[in-house]
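Participant: Straight run, no breaks: the sequence shown in the working numbering ends on number 194.
Each residue gets a CB set at the ideal place from its N, CA and C atoms; glycine is no exception.
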Amino acid sequence: MKDKNKIWDIRSKKQILKKKIFSVNEMDCYLPSKNINNVFYSLDLYDWVNIFAINENNDAILVRQHRIGSNVVTIEVPAGAIEHNEDPKLAAKRELLEETGYSTDEIELIKKIRVNPAIQSNFCYFFLARNCKPSLEVHFDETEEIELVMEPIESVFEKIWDDYIDNSLALMAVLLAKEKILNSEDFKKFCR
Numbered sequence: 003m004k005d006k007n008k009i010w011d012i013r014s015k016k017q018i019l020k021k022k023i024f025s026v027n028e029m030d031c032y033l034p035s036k037n038i039n040n041v042f043y044s045l046d047l048y049d050w051v052n053i054f055a056i057n058e059n060n061d062a063i064l065v066r067q068h069r070i071g072s073n074v075v076t077i078e079v080p081a082g083a084i085e086h087n088e089d090p091k092l093a094a095k096r097e098l099l100e101e102t103g104y105s106t107d108e109i110e111l112i113k114k115i116r117v118n119p120a121i122q123s124n125f126c127y128f129f130l131a132r133n134c135k136p137s138l139e140v141h142f143d144e145t146e147e148i149e150l151v152m153e154p155i156e157s158v159f160e161k162i163w164d165d166y167i168d169n170s171l172a173l174m175a176v177l178l179a180k181e182k183i184l185n186s187e188d189f190k191k192f193c194r
């Protein structure tokens, strides 16, 4: 904003809860343009990666897993947290391997976005991974139970408006990958 009087001034910030994957902050803020004080809460989380992965047969490599927050089984792209000081691209390669057993050197960042800037401080990095090959047996995190789902990419793209993928970040990964692929010079090789 051009007018600094319309930006909240954070007068104090204290961490009121710290857990393994997130912390909650309480902030006393002042808005000069309206001369008001307010208390806001924000979440600090690790940054995340979401990977739209494609194998040598142009199948999307998806995962099916139970999500405790919504208590439903979802279909998603491989994804996970970026460790402290970890390079996002390396995190994407690590998560792809951990969750699917697939790897590739053909991985590119499509977009970095703020997840929910109203209350969260973290970013999500979206990657497109091409020509993924099976590398080793899957090694899930202790709390993960994941099933691999292989589906032709055009089928995944056709299901965008269905409830097939209803995780917002996974759907964003699909939409960004679709845009990237449709605008690529080698688009025809992705079509069957």
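#1: Secondary structure at N7, three-state DSSP: helix, strand or coil?
#2: Rounded to a whole number of angstroms, what is the C-alpha to C-alpha distance between V51 and I167?
#3: To the nearest angstrom, how far is the alpha carbon of K15 from that of V26?
#4: From the DSSP output, in three-state form, read off S170 for me.
#5: According to DSSP, is I183 part of a helix, a strand, or is it coil?
#6: Quick check on P90: does DSSP put it in helix, strand or coil?
#7: Taking 8 Å as the threshold, find out whether the region 73-83 comes into contact with the region 108-118 through three or more Cβ pairs.
#8: What does the alpha-carbon distance come out to for the pair K8 and K36?
#9: Assuming contact is defined by CB atoms lying nearer than 9 Å, are E149 and Q67 in contact in what I supplied?
#10: So, using beta-carbon positions, are L45 and N133 closer together than 9 Å?
#11: Does the beta-carbon distance from K95 to A131 come in below 9 Å?
#12: What residue from I77, E146 and D89 has the CA that sits closest to R171's CA?
#13: So if DSSP puts I63 in a beta bridge, which residue, or which two residues, is it bridged to?
Facilitator: For this structure:
#1: To locate residue 7, count along the sequence shown from 1; it is residue 5. Correct three-state label for N7: helix.
#2: Within the sequence shown, residue 51 is the residue found at index 49, counting from 1. Within the sequence shown, residue 167 is the residue found at index 165, counting from 1. Each residue's Cα considered, the two are about 17 Å apart.
#3: By one-based count along the sequence shown, residue 15 stands at place 13. By one-based count along the sequence shown, residue 26 stands at place 24. So the alpha carbons of these two residues sit roughly 10 Å apart.
#4: Working through the sequence shown from its first residue, we reach residue 170 at position 168. Helix.
#5: The residue given as residue 183 occupies position 181 in the sequence shown. Three-state DSSP puts I183 in a helix.
#6: Sequence index remark: in the sequence shown, residue 90 carries index 88 (1-based). If DSSP states are grouped into helix, strand and coil, P90 belongs with the helices.
#7: Taking a cut-off of 8 Å on C-beta distances, the region 73-83 does not touch the region 108-118, as fewer than three cross pairs fall below it.
#8: Position 6 of the sequence shown holds residue 8. Position 34 of the sequence shown holds residue 36. Rounded to whole angstroms, the gap between the alpha carbons of K8 and K36 is 8 Å.
#9: Here residue 149 refers to the residue found at position 147 when the sequence shown is read from its first residue. Here residue 67 refers to the residue found at position 65 when the sequence shown is read from its first residue. Result yes, Cβ atoms of E149 and Q67 sit closer than 9 Å.
#10: Stepping through the sequence shown from its first residue, residue 45 is reached at position 43. Stepping through the sequence shown from its first residue, residue 133 is reached at position 131. Judged by their CB atoms, L45 and N133 are not nearer to each other than the 9 Å cut-off.
#11: The residue you call residue 95 lines up with position 93 of the sequence shown. The residue you call residue 131 lines up with position 129 of the sequence shown. Closer than 9 Å, so yes.
#12: In the sequence shown, residue 171 corresponds to position 169, counting from 1. According to the sequence displayed, residue 171 carries Leu and not Arg. The residue among I77, E146 and D89 with its C-alpha nearest the C-alpha of L171 is I77.
#13: Here residue 63 refers to the residue found at position 61 of the sequence shown. According to DSSP, I63 bridges with A55 and M152.
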